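Read the structure below first, then the notes.
This is the structure:
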């Protein structure tokens, strides 16, 4: 479970502020939902592996089968369905705490903060384009060069059709999708055996599927021949053109991207770290057409993505994209050194005066000698120190020293405010 010391919290806040600001700048509104949900909400919507093997589920004191939410999308669908009349499309984002019972490792913990962004109520490919634009904009805000990440995308609708044309029987498609999703997590020979089993031990079919997931271009002659007269193929071709016209060079067609959750139905995508030190998925999302309708309301299509804040933070740290000003941030603008116990109240009044005018102030509470108080200011990277003693209180004139260059200024509290500004 999570524990973050102040330095870690400061970095996390830098990351979440960028995520939040990027969402707000694109017209999205923030929401949240319950941490505990009925188990049935996720059992039918997220897939058996997530709920059966990776969840914190239990029976509560009211004999209800409940779960600590492993993700946010089913909760979002339930909330939208319960709202009655909504002005569609809905553009919402959230930063929920989620829980999955799995083996902790680098970038994967049991309690994690996840960023979710969704559009519901639009069937247009413009929705997929918009969420990918926001995602790509987030990476640009972090100044991540396009050489260290890519947004791989495909379509569940397209892949369902393509698997059928490769000879995969309908009853085996779910197993084949699961096998494709595990491709990057297994050794090549192990995955080949796993895929063969998923294809019902049909070698010819398994070879076609293996070839399909390696296709890198929608112009590939084998793929064009396989998908002749396919409306799903025309849809991915159209989306490819949208991405190219908007100049998202980091987005690449990749049939191996299918997403492991059962509710995805259309375009799906993953943000991948392509650098040498941390090759892994940072984010995933896509189109889900049927989720909201499962709660008894009309069919409302949605598209969105979820991004692990810890995973993103590790990515940024790996490539030196966390500014030193965040890691080494000064805890205040001014440190008030207190010369004696008799002026503590006066120092408090000065601190309150400065704070009321927007100055961040740390007042000494240690009672140590002035020299050690100055050292404490320096340790906390606070460059300006105002000394409060009996003479300063009587005259109303204070001395403020800049520790970075040794220069000092004197004046009333109002005059020091002007110096600070």
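Residue numbers (my numbering): 667 to 1087. The beta carbon of each residue, even a glycine, is placed where N, CA and C say it ideally should be. If you're wondering where the values come from, they're calculated on a predicted model, not measured in any experiment.
Taking the Cβ atom as the reference point for each residue, do residue 755 and residue 780 lie within a distance shorter than 7 Å? no
Among all the DSSP beta bridges, which residues are the ones paired with residue 1047? Answer is none; residue 1047 lacks a bridge partner.
Expressed to the nearest angstrom, what Euclidean distance is found between the alpha-carbon atoms of residue 852 and residue 678? 31 Å
Straight-line CA distance for residue 873 to residue 693? 45 Å
With a floor of 3 residues, list each beta strand (DSSP E) that falls wholly inside the stretch 974–1005, ordered by position along the chain. 1000–1004
Nearest-angstrom Cβ-Cβ length linking residue 890 and residue 829, presumed shorter than 8 Å: At roughly 17 Å, the Cβ-Cβ gap does not stay under 8 Å, so residue 890 and residue 829 are not in contact.
Segments of 3+ residues assigned as beta strand (DSSP E) that fall wholly inside the stretch 753–813: 756–760, 763–765, 777–786
Is it right to say residue 726 is buried, meaning 16 or more other beta carbons lie within 10 angstroms of its own, or is it exposed? exposed
Would you verify that the beta carbon of residue 907 is, or is not, closer than 7 Å to some beta carbon of chain C? As a matter of chain content, chain C is missing from the structure shown, which is built from one protein chain.
Between which two residues does the beta strand (DSSP E) containing residue 933 stretch? 933–939
Evaluate residue 1058 with the Cβ neighbour count: other Cβ atoms within 10 Å of its Cβ, from every protein chain shown; 16 or more gives buried, anything less gives exposed. buried
Between 895, 689, 735, 835, which lies nearest to residue 802 when the distance is taken from Cα to Cα? 689
Element boundaries [beta strand (DSSP E), containing residue 745]: No beta strand (DSSP E) contains residue 745, which is instead part of the alpha helix (DSSP H) from 739–748.
Whether or not the stretch 1070–1084 and the stretch 1026–1036 are in contact is what I'm after, with contact meaning three or more pairs of Cβ atoms, one per stretch, closer than 8 Å; do they touch? no
Shortest alpha-carbon distance to residue 794 belongs to which of 819, 768, 838? 819
Cβ-based neighbour list, residue 798, same chain, cut-off 8 Å, excluding 5 preceding and 5 following: 817, 819, 909, 914, 917, 935
Backbone CA spacing between residue 787 and residue 696 [nearest angstrom]: 17 Å
Kindly give me the distance between the Cβ atoms of residue 921 and residue 871, rounded to whole angstroms, as I take these residues to be in contact under 8 Å. Incorrect: roughly 15 Å between the Cβ atoms, too far for contact.
Other residues of its chain near residue 1046: CB distance less than 8 Å, five sequence neighbours each side excluded: 996, 997, 998, 1001, 1028
Kindly list the residues whose CB is nearer than 8 Å to the CB of residue 1054, restricted to its own chain and excluding five residues on each side of it in sequence; keep chain order. 1002, 1003, 1004, 1005, 1009, 1012, 1013, 1016, 1064
Inter-residue Cα distance where the pair is residue 782 and residue 854: 32 Å
Which one of 670, 676, 683, 745 has the shortest CA to CA distance from residue 1088? Only positions 667 to 1087 of the chain appear in this structure, which leaves residue 1088 out of reach.
Can you tell me where the alpha helix (DSSP H) holding residue 875 begins and where it ends? 869–879
Rounded separation between residue 740 and residue 903 - CA only: 29 Å
Residue 957, buried or exposed, once every other Cβ within 10 Å from all chains shown has been counted against 16: buried
Integer-rounded CB distance, given that residue 723 should sit under 8 Å from residue 732: 7 Å
How should residue 837 be labelled, buried or exposed, when 16 other C-beta atoms within 10 angstroms of its C-beta is the threshold for buried? exposed
Quick check: residue 810 and residue 961, are their CB atoms within less than 7 Å of each other? no
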